[in-house]
Amino acid sequence: MFKPSWALLLSAVPTAVSATDAVEHISVYANRTPLATSEVLASVSVLDRADIEARQASDLPALLAQLPGITISRDGGRGQNSGLYLRGGNNGHTLVLIDGVRSGSATLGYKTLSMLPLALIERIEVIRGPRAAWYGADALAGVIAITTRQARGVELTADVGSYGQAGAGINASQQQGDLTLSASAGYSRADGFNVRSDLDNDRDGYQQRFAKLAAAYQTGFGLWRGQVDVNSGFYQFDTAWGSEDQAETLNRSYLLGWEHQQGSWQHQAQFSRTLDDDTTYGPVSQSPYVTERDEFNYQATTALTDSLSGLAGVNWYQESVARSGVAYVKDNRLNRAAFAGLQFAAQGLRLDGAVRRDLTEQYGGNTTWQFAAGVDLSDAMQLRLSRGSAFKAPTFNDLYYPGSANPDLQPESTLSDEIALSYQLAAATLQLAWFKQDVDNLIQFDFATYTPQNIERAKISGVEFSVDLRWDSLQQTISYSWLDTENTLTGQRLARRPEHSVNWRLTQQWQQLSAFVTADYQSDTYQGEYASSPYLGGFTVFGVGGSFALSPALSLSAKVDNLFDKHYQTSSGYETAGVNFGLSLQYKLP
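Residues in the sequence shown are numbered from 0 upward in steps of one, following numbering that gives the first Met the number 0.
Given below as structure tokens:
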């Protein structure tokens, strides 16, 4: 979509806090303008680069699985396909923005995250709850907004690990007057492990390369930005029929942005072009699957009074799958939209609302809206309520894929409610949220007819609770999610959504040394009536790790995942990694 002001973001983030103070993160995407997370009337999680490095996750899906409300279903290890279910929504119900740009495959209907390198990510913001009034289609369950690396100085990294894992990367920047240049590049690979030992006795690995070049130039008429990034590689995988496949991936994006402050008005505009290319080599492949997307965004923000601010803008994007190996009946579509919102804050009361009108070629107009209210019950406690609508159009595969198409599909639509209570002190933060979502025309694949079908209604509700406790140099974080889902047609639970999940993390700092212990629990999951194992049992996985500053510029980190070698699956028939280790070295110069 758009890329909010990075300069505003940097100026709003605290540069240092004491060990007993809570770090106040900034939400940039929840309301399309920077706000402290305590002022946002939505459930938001923010991870900056320091958080990402401290958690030492093996890849992006493993990192996101540590956050409240997110369940990951993996068809193997690093590089293989991963499904993301946010608050019980479908895999395609979460919109992924990369540097403010809508990303993902228009044939699949979602962004595959397993081949998006953590080394290229500066910041992650997860907004739980519908955001279609700001961002349009696909943001039914929420938004994951990723900001790529914003290098400062020079940084070199190298890592090794189990299953033949190895990687290296470099980030650098240089400023000359009003011009700032930055670059990032990296390489990683792994031999992997045997994903389907029952069908295909081999290892399934991956290989990946990425590069990014960016420039920013400050002029009297605003800040101009441009960037190009390329992410390519291949991964091996096993199918449920026992055949060995390999896929090559290529993602490219080009971005030109402008932002300008003029009096009380801030203007932002951005044009982008992206390519998502996945070519599979296998016995039944119709590859490549190619999505090309052009997008333009403009928005203007202003303070209307001391208590009231407004934002309005337009969005245009065109998607094409014409270069795919599949003969789609229709291979492109255009979406045009306008949106506007208001925010009010005064005397312990916060209100915000937004409305958006999307015009699509296939389905005409869709109007989405959201409204939220927050009341400060005390200096430390806030109560908030929200309601919002969202929609998602069927994918090109849903409508036109030869042999399994259903051109009569209707768009999915949702109505969501949330009631939340937050309590924040210097040494403790607590969040409790109840949410409910009714999904009309939920699209599910029907194996009896071998076509996707609309389910008249699905019901999703749940509770999220998280607590962050800090005492001197010790920090403990616990999150718990309860989820209740139902397909009203069959009365069955929705597939791959556990009823209970818990994430626990304990961190201790001793001068140059820090160490952590983690435990992640997930209850049993229903996998679908046609899965090889319709139900998978629950599991708990433990991990340990730490880092040591060898010098002000050089640090060494190590971790062990699945410490007790737990055997478990999150996708029926597909193995997960056993006990495994990782070791990384990082060198930074200002």
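For each residue, glycine too, the CB sits at the ideal point set by N, CA and C.
> When you compare only the Cα positions, how much space is there between residue 256 and residue 225?
Replying inline: For residue 256 and residue 225, the gap between their C-alpha atoms comes out near 6 Å.
> For residue 395, which three-state DSSP category applies?
Replying inline: It is helical.
> Could you check where the alpha helix (DSSP H) with residue 48 kicks off and where it finishes?
Replying inline: Residue range 48-54 is occupied by the alpha helix (DSSP H) that includes residue 48.
>> What does the Cβ neighbour count give for residue 20, buried or exposed, with the cut at 16 atoms within 10 Å?
In response: For residue 20, the predicted structure reports a pLDDT of 45, less than 50, and the residue's modelled location is therefore unreliable. The matter cannot be settled from this model.
> Beta-carbon separation of residue 208 and residue 183 under 8 Å?
Replying inline: Cβ distance not < 8 Å, so residue 208 and residue 183 don't count as in contact.
>> Once the 5 residues before and after residue 317 are set aside, which same chain residues still bring their CB inside 6 Å of it?
In response: Excluding residues up to 5 positions away in sequence, 293 and 333 lie with their Cβ nearer than 6 Å to the Cβ of residue 317 in the same chain.
>> Within a Cβ cutoff of 7 Å, which residues of the same chain sit near residue 400, ignoring the five residues on either side of it in sequence?
In response: Cβ neighbours of residue 400 beyond the five flanking positions: 325.
> Considering only C-alpha positions, which residue in the set 422, 465, 374 and 114 is nearest to residue 276?
Replying inline: Checked all of 422, 465, 374 and 114; the closest Cα to residue 276 is 114.
>> Quick check: the region 415-434 against the region 144-162, are at least 3 beta-carbon pairs closer than 8 Å?
In response: Taking 8 Å as the limit for Cβ pairs, the verdict is that the region 415-434 does not touch the region 144-162.
> Exposed or buried, residue 572, counting other C-beta atoms within 10 Å across all chains shown (16 or more means buried)?
Replying inline: It is buried - the Cβ of residue 572 has at least 16 other Cβ atoms within 10 Å.
> Identify the residues that DSSP records as bridge partners of residue 336: which are they?
Replying inline: Paired residue(s): 314 and 357.
> Nearest to residue 52 by CA position, among 345, 121 and 561, is which residue?
Replying inline: In this structure, 121 is the residue among 345, 121 and 561 with its C-alpha nearest to the C-alpha of residue 52.
> For residue 555, which residues from the same chain have a beta carbon less than 7 Å from its beta carbon, with the 5 sequence-adjacent residues on both sides left out?
Replying inline: Excluding the 5 residues flanking it on each side, residue 555 has same chain C-beta neighbours closer than 7 Å at 546, 547, 549 and 584, in chain order.
> Under the three-state reduction of DSSP, which class applies to residue 20: helix, strand or coil?
Replying inline: Confidence in residue 20 is poor, its pLDDT being 45 and thus under 50, which makes the residue's placement too unreliable to answer from.
>> Tell me the residue span of the beta strand (DSSP E) that contains residue 213.
In response: Residues 203-218.
>> Taking only three categories from DSSP, how would you classify residue 450?
In response: DSSP places residue 450 in strand when its eight states are reduced to three.
>> Starting from residue 588, trace the beta strand (DSSP E) in both directions and tell me its first and last residue.
In response: Its beta strand (DSSP E) spans residues 579-588.
>> Please list the terminal residues of the continuous beta strand (DSSP E) segment that includes residue 371.
In response: Here the beta strand (DSSP E) through residue 371 covers 363-375.
> What alpha helix (DSSP H) runs, 4 residues minimum, are completely inside the region 119-188?
Replying inline: Counting only runs of 4 or more, we get 131-134.
>> Can you tell me which residues form a DSSP beta bridge with residue 101?
In response: For residue 101, the pairing in a beta bridge is given by DSSP as 96.
> Between the beta-carbon of residue 273 and the beta-carbon of residue 142, is there less than 8 Å?
Replying inline: No; because the gap between Cβ atoms is not below 8 Å, this pair is not in contact.
> Buried or exposed: where does residue 329 fall if 16 or more other Cβ atoms within 10 Å of its Cβ makes it buried?
Replying inline: Of the residues assessed, residue 329 falls on the exposed side of the cut-off, its CB having fewer than 16 other CB atoms within 10 angstroms.
>> Assuming residue 86 and residue 575 are in contact, meaning their beta carbons sit under 8 Å apart, how far apart are those beta carbons, in whole angstroms?
In response: Rounded, the Cβ-Cβ distance is 23 Å, inconsistent with contact.
> Helix, strand or coil: how does DSSP classify residue 538 here?
Replying inline: In the three-state reduction of the DSSP assignment, residue 538 falls in the strand class, which pools E and B.
>> Only counting the same chain, and skipping five residues up and downstream in sequence, which positions put a Cβ closer than 6 Å to that of residue 48?
In response: Closer than 6 Å at Cβ, skipping near neighbours: 121.
> residue 307 and residue 300: beta carbons closer than 8 Å?
Replying inline: For residue 307 and residue 300, no; Cβs fall outside 8 Å.
> What do you reckon, are the CB atoms on residue 525 and residue 494 nearer than 8 Å?
Replying inline: With respect to the 8 Å criterion, residue 525 and residue 494 are classified as neighbours on the basis of their beta carbons.
> What are the start and end residues of the beta strand (DSSP E) that includes residue 379?
Replying inline: Secondary structure note for residue 379: it is in no beta strand (DSSP E), with a DSSP letter that is neither H nor E.
> Start and end of the alpha helix (DSSP H) containing residue 61?
Replying inline: For residue 61, the enclosing alpha helix (DSSP H) has its first and last residue at 59-63.
> Do you know whose CA, among 582, 470, 544 and 449, lies nearest residue 529's CA?
Replying inline: Cα-wise, what sits closest to residue 529 is 449.
> Alpha carbon to alpha carbon, how far is residue 580 from residue 560?
Replying inline: Their backbone Cα atoms lie some 6 Å apart in a straight line.
> The beta strand (DSSP E) spanning residue 289 covers which residue range?
Replying inline: 288-302 is the span of the beta strand (DSSP E), which, as asked, contains residue 289.
>> For residue 27, report the span of its beta strand (DSSP E) as first-last.
In response: Careful: residue 27 lies outside any beta strand (DSSP E) and carries neither H nor E.
> Who are the near neighbours of residue 24 in its chain, counting only those whose CB is closer than 6 Å to its CB and skipping five residues on each side?
Replying inline: Excluding five sequence positions before and after residue 24, the CB atoms of its chain that fall closer than 6 Å to its own CB belong to 36 and 45, given in chain order.
>> Taking the beta strand (DSSP E) that residue 486 belongs to, which residues open and close that run?
In response: Unbroken beta strand (DSSP E) run through residue 486: 473-486.
> According to DSSP, is residue 38 helix, strand or coil?
Replying inline: DSSP, reduced to helix, strand and coil, places residue 38 within a helical segment of the structure shown.
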